[in-house]
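Residue numbers (our numbering): 5 to 335. Written out below as structure tokens is the structure these notes cover.
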Ligand code: NAD
């Protein structure tokens with residue numbers, strides 16, 4: 005029996021989260037769900053969007069599945085998501101981007117994974133005004149932070165049977181910070197001779213991803229480039245309803261779709277739960293439930309390929325919950 009924290013979230017969050025829970029439970033994997041509230045509802049009830057009970061539950065269970073959360077205005081948090089990553093030291097952000105047959109995209113073949121460093125870089129938010137007419141932001145890159153994210157990318161490549169890791173940087177210009185990231189990446193790569201390694205400057209990387217995305221496998225990037233390039237990659241494979249994600253640290257992991265709470269679609273049983281279901285697939289793999297994870301992914305691929313029972317964003321008219329039932333029928 006696994007213990008997992010479930011955070012339904014805001015807007016379309018509860019609909020997609022419960023659809024994913026239903027699919028995961030249908031595999032027969034035994035999960036004891038601890039359902040906790042974060043976001044707008046928690047703000048109203050407890051005066052904070054991230055109650056201590058939520059953090060305690062994730063710290064105890066070590067694994068959470070999370071729906072999107074609306075970023076509240078007027079509290080001390082930049083966002084619940086950033087606060088969670090900080091509190092739980094979730095240093096690796098994993099975003100697989102894969103084209104499923106039946107989805108309309110400009111490309112035939114994309115199956116790559118973005119591994120983004122989640123704690124350092126310009127995202128550390130160390131910035132200030134210098135007088136009234138200038139501002140300064142400090143870019144932090146450490147050997148420790150770079151080493152653990154690059155090692156994570158190589159270990160992931162081995163576990164998932166992937167062939168190549170590409171480290172993305174701008175070390176030609178930022179010789180100290182990105183230079184340190186690249187130097188560390190080369191040293192770690194030398195320990196994994198079975199995996200091909202290359203490095204690429206971030207601007208060239210963007211052009212190549214748009215031209216020949218089929219040439220890339222695992223990308224590893226510092227925080228800011230990872231943020232930008234991972235959205236580019238979601239765009240390559242057909243959009244937000246399909247893009248899963250994971251935030252992983254040494255003491256736990258939070259799995260969530262890339263998309264937000266889409267308030268306009270909330271409560272109408274319209275949203276596509278695929279991104280959350282595929283986040284559940286990443287979670288099951290993390291829990292060691294490889295076979296159940298693969299069964300769900302195959303079932304999702306089949307429902308999308310047939311195209312008869314898909315949600316509005318994929319050109320269909322099936323509801324969130326009925327789409328989940330169609331996936332369960334294929335399991
Ligand atoms: P969004 O992702 O909620 O919506 C962007 C567009 O994509 C909308 O047209 C929406 O209808 C569509 N969309 C998103 N998910 C979909 C799905 N599963 N199925 C079908 N269509 C889908 O982005 P936004 O409008 O910029 O943000 C709304 C709120 O979500 C904001 O408060 C933002 O801060 C928050 N947000 C939270 C997270 C998170 O919790 N991880 C991530 C991003 C945004």
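Heads up, the beta-carbon is just placed ideally off N, CA and C, and yes, glycines get one too. Keep in mind it's a predicted model, so treat the numbers as computed, not measured.
Residues near residue i by beta carbon distance below 6 Å, same chain, minus five either side
| i | result |
| --- | --- |
| residue 242 | 107, 109 |
| residue 137 | none |
| residue 204 | 170, 172 |
| residue 309 | 105, 106 |
| residue 139 | 133 |
Coarse secondary structure for residue i, derived from DSSP in three states
| i | result |
| --- | --- |
| residue 115 | strand |
| residue 145 | coil |
| residue 188 | helix |
| residue 235 | helix |
| residue 329 | helix |
| residue 40 | coil |
| residue 62 | helix |
| residue 261 | strand |
| residue 106 | coil |
| residue 248 | strand |
| residue 29 | helix |
| residue 20 | helix |
| residue 241 | coil |
| residue 154 | helix |
| residue 209 | helix |
| residue 310 | helix |
| residue 35 | strand |
| residue 182 | helix |
Residue(s) in a DSSP beta bridge with residue i
| i | result |
| --- | --- |
| residue 120 | 97, 225 |
| residue 132 | 140 |
| residue 68 | 9, 258 |
| residue 84 | Residue 84 is not bridged to any residue. |
| residue 169 | 201, 222 |
| residue 125 | 144 |
Residue i beta carbon near ligand 1 (any heavy atom closer than 7 Å)
| i | result |
| --- | --- |
| residue 279 | yes |
| residue 331 | no |
| residue 315 | yes |
| residue 109 | no |
| residue 40 | no |
| residue 234 | no |
| residue 85 | yes |
| residue 89 | no |
| residue 144 | no |
| residue 286 | no |
| residue 53 | no |
| residue 266 | yes |
| residue 252 | no |
| residue 30 | no |
| residue 20 | yes |
| residue 73 | yes |
Proximity winner among the options, relative to residue i (alpha-carbon distances)
| i | options | result |
| --- | --- | --- |
| residue 102 | 75, 228, 332, 239 | 239 |
| residue 3 | 197, 276, 42 | The structure shown does not extend to residue 3, since the chain is modelled only from 5 to 335, so the question has no answer here. |
| residue 326 | 26, 49, 8 | 26 |
| residue 154 | 187, 210, 6, 144 | 187 |
| residue 250 | 69, 323, 219 | 69 |
| residue 8 | 277, 259, 330 | 259 |
| residue 286 | 301, 311, 182 | 301 |
| residue 232 | 209, 6, 295 | 209 |
| residue 121 | 92, 179, 152 | 152 |
| residue 290 | 128, 66, 179 | 66 |
Own chain partners of residue i with C-beta closer than 7 Å, once the 5 adjacent residues on each side are dropped
| i | result |
| --- | --- |
| residue 252 | 94, 96, 98 |
| residue 43 | 13, 14, 53, 73, 74, 84 |
| residue 40 | 9, 11, 57, 58, 61 |
| residue 2 | This structure leaves residue 2 out entirely; the chain is present only between 5 and 335. |
| residue 147 | 184, 188 |
| residue 30 | 332, 335 |
| residue 156 | 96, 119 |
Chain D within 8 Å of residue i, Cβ atoms only
| i | result |
| --- | --- |
| residue 20 | Annotation note: the requested chain D is absent from the structure, which comprises a single protein chain. |
Own chain partners of residue i with C-beta closer than 8 Å, once the 5 adjacent residues on each side are dropped
| i | result |
| --- | --- |
| residue 306 | 334 |
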